[in-house]
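If you're matching positions, the sequence shown starts at 4 in my numbering and goes up one per residue. We treat Cβ as the ideally placed atom computed from N, Cα and C, and that holds for glycine. No experiment lies behind these values; they were computed from the predicted model shown. Note sheet for the following structure.
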Amino acid sequence: MARRTEEVHVVVVGSTNFDVVVKAGRLPKEGESMLATNLKFFPGGKGANQAVGAARLGARTTFIGSVGQDMIGDFLIRGLESNAIDTTYVKRDAQRSTGCALIMLFPNGNNSIVVDPAANFSLTPADIERAAEVIAQADALSTVLEVPLEVVEAALRTARKAGILTVLDAGPPRNCPPEILKLADIVSPNETELEQLTGEEISGRVSAREAAEKLLDLGVKTVVLKLGSDGSMLVTGKSSKHFPACKVRAVDPTAAGDAFTAALTVQLAQGAKMDAAIRFANLAGALAVTKLGAQPSLPTLEEVEAFAARAAKTP
Ligand code: RIB
């Protein structure tokens, strides 16, 4: 690998949310009030999770986002700063509340998430313009669909103009025009996000690959699919390759995809080959599943390396 993690600078443009998490037996029916248990509060948001993921892996990290002028916003910014993330470009919106995600964890290990992005949607292309110099000096930019699409476009265009690596984590599921998707060197959706982007129903690896190829037809160069407990898949114009999942005791899948994208971005920015970067990202994603909560579950470089060493010894 060409560079050490601490030598790379990653800019994340994205969302930051306050996650309200409960354990529930099932989804409530419409009109039903249902008791849940284990109420917990965590810092989250797909963008902020990726920033924390990158920082814990040792990369210098800048986060560009927006929170409300409220105590939850203070809490989230403090959390980012405690992970050594530069928050100079996190703006405060006096009109909207800080974004919030309501997360239910089910006995089968799955979750359901409802998000009100709130202040995350106050981010504008002008905010990206203000950070253009920082982006130009970075090694990679990753972004998500939990902020306005014109911001995603501005971020990817600015990064592309600077010639740095661009990664689009296509979550949460949204329609996104091909003109924006094409600006990313790598588009990384999970199955539901890929369904939303392509209109294809996915059940299993073959249909996932076929749907990913639809993205290639739209002009996307590289798709790195997150397949949850089935690992991940690289789909390019030349070929496709499946990467098996790492076996772990699953506690909470929240932010596993964010851990994956952060690790993939950092590794590629360091100069790792795509296959090695995806294997490393699989390890980071799997570790995130073993702990409760979004940001508390994101692994450090030492944790991923120790897990890789253990996995290598397991037959
Ligand atoms: O990817 C997980 C994240 O999605 C949660 O932290 C929640 O905030 C939602 O944005």
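Next on the checklist: Out of 111, 189, 63, 170, which one is the CA nearest neighbour of residue 140?
Outcome noted: To locate residue 140, count along the sequence shown from 1; it is residue 137. Per the Cα distances, 63.
Checklist entry - Less than 8 Å between the CB of residue 86 and some heavy atom of the ligand RIB, yes or no? => result In the sequence shown, the residue the question calls residue 86 occupies position 83. Residue 86: no, Cβ never under 8 Å from the ligand RIB.
Next on the checklist: Assuming contact is defined by CB atoms lying nearer than 9 Å, are residue 190 and residue 226 in contact in what I supplied?
Outcome noted: Position 187 of the sequence shown, counting from 1, holds the residue named residue 190. Position 223 of the sequence shown, counting from 1, holds the residue named residue 226. In contact: residue 190 and residue 226 (Cβ atoms closer than 9 Å).
Item to check | Terminal residues of the beta strand (DSSP E) in which residue 45 lies | outcome: Within the sequence shown, residue 45 is the residue found at index 42, counting from 1. Note, residue 45: beta strand (DSSP E), 40 to 47.
Checklist entry - With distances taken from CA atoms, which of 5, 236, 134, 205 is nearest residue 65? => result As a first step, residue 65 is located in the sequence shown; it is residue number 62 there, counting from the start. If we check each option's Cα against that of residue 65, 134 comes out closest.
Item to check | Residues proximal to the ligand RIB by C-beta, any heavy atom closer than 7 Å | outcome: 18, 20, 22, 47, 48, 49, 52, 104, 106, 116, 118, 149, 174, 175, 257, 258, 260, 261, 297
Item to check | Selected residue, minimal CA-CA separation from residue 158, among 131, 47, 40, 122 | outcome: As a first step, residue 158 must be located in the sequence shown, where it is residue number 155. Closest option to residue 158, Cα to Cα, is 131.
Checklist entry - Does the Cβ of residue 37 have 16 or more other Cβ atoms within 10 Å, making it buried, or fewer, making it exposed? => result Within the sequence shown, numbered from 1, the residue matching residue 37 stands at position 34. Answer is exposed; the Cβ neighbour count stays below 16.
Next on the checklist: I'd like the list of long-range same chain contacts for residue 181, defined as Cβ closer than 7 Å, with 5 residues on each side in sequence excluded.
Outcome noted: Your numbering for residue 181 matches position 178 in the sequence shown. Around residue 181: 221, 222.
Next on the checklist: For residue 15, which residues in the same chain have their Cβ closer than 6 Å to its Cβ, ignoring the five residues on either side in sequence?
Outcome noted: Walking along the sequence shown from the start, residue 15 turns up at place 12. Here the set comprises 50, 53, 54, 66, 145.
Checklist entry - DSSP on residue 67, reduced to helix/strand/coil? => result For the purposes of this step, residue 67 is taken as residue 64 along the sequence shown, with counting starting at 1. Residue state, collapsed to three classes: strand.
Checklist entry - Hey, how far is the Cα of residue 242 from the Cα of residue 253? => result In the sequence shown, residue 242 corresponds to position 239, counting from 1. In the sequence shown, residue 253 corresponds to position 250, counting from 1. So the alpha carbons of these two residues sit roughly 31 Å apart.
Checklist entry - From residue 18 to residue 120, what distance separates their C-alpha atoms? => result Mapped onto the sequence shown, residue 18 falls at position 15. Mapped onto the sequence shown, residue 120 falls at position 117. Near 7 Å, if we compare the C-alpha coordinates of residue 120 and residue 18.
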